[in-house]
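Count the sequence shown with full-length UniProt numbering and you get residues 1 to 129, in order.
Ideal placement from N, C-alpha and C gives every residue a C-beta, glycine not left out.
Model, not experiment: these values are computed from the prediction.
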Amino acid sequence: GLGPCPGEPLPRPGELQVRLLVGAPMFYGGGSGGRVYLCEMDGQAPHLRCPRALRGSPGHPHGRFGASLAHLSHLDGLTCPQVAVGAPLEDDGHGAVYLFQSAPGGHLGEVVQRISGSWFPSQPQFFGL
Numbered sequence: 001g002l003g004p005c006p007g008e009p010l011p012r013p014g015e016l017q018v019r020l021l022v023g024a025p026m027f028y029g030g031g032s033g034g035r036v037y038l039c040e041m042d043g044q045a046p047h048l049r050c051p052r053a054l055r056g057s058p059g060h061p062h063g064r065f066g067a068s069l070a071h072l073s074h075l076d077g078l079t080c081p082q083v084a085v086g087a088p089l090e091d092d093g094h095g096a097v098y099l100f101q102s103a104p105g106g107h108l109g110e111v112v113q114r115i116s117g118s119w120f121p122s123q124p125q126f127f128g129l
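Here it is as structure tokens:
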């Protein structure tokens, strides 16, 4: 799961929700390739709901956004956790990593930062895999 934000109360018994990020790097639509679904499973229900999807920047139809996912737990100790999403085929195969900031309740906001592999002097291939 994404984990709580600093100062956020822990769920009471019966309120527990399991949050899961599901990468779908082969998805294509809307001019960008790949999706990451934010799914929830209520402690009482036996099914998974995926009400929200994250996507990479338009113009990268074969970017494979969602090929890798990483939970970055409270990097600064003050804010909610972040999530890193890899898109290794963006930018002509140099790749990219997107950082998303979570908010109280485990919700993910808009992209905070996009780091392209082409920015590095070594010009790595498949950055974000």
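Own chain, CB closer than 6 Å to Val97, minus 5 neighbours either side, in chain order: Setting aside the 5 residues that flank it on each side, Val97 is surrounded in the same chain by Ala84, Gly86, Ile115 and Gly128, each with a C-beta closer than 6 Å to its C-beta; the list follows chain order.
Contact check, Phe100 vs Gln82, beta carbons under 9 Å: Yes; because the gap between Cβ atoms is below 9 Å, this pair is in contact.
Cβ distance (whole Å) where Arg35 is taken to contact Arg55 below 8 Å: Indeed they touch by this definition, with Cβ atoms about 6 Å apart.
Local conformation of Gly31 per DSSP, three classes: Three-state result, Gly31: coil.
Member of Ala53, Leu21, Ser57 and Asp92 whose CA lies at the smallest distance from the CA of Ser32: Of the candidates Ala53, Leu21, Ser57 and Asp92, the one whose C-alpha sits nearest the C-alpha of Ser32 is Ser57.
For His47: DSSP bridge partner residues: His47 is not bridged to any residue.
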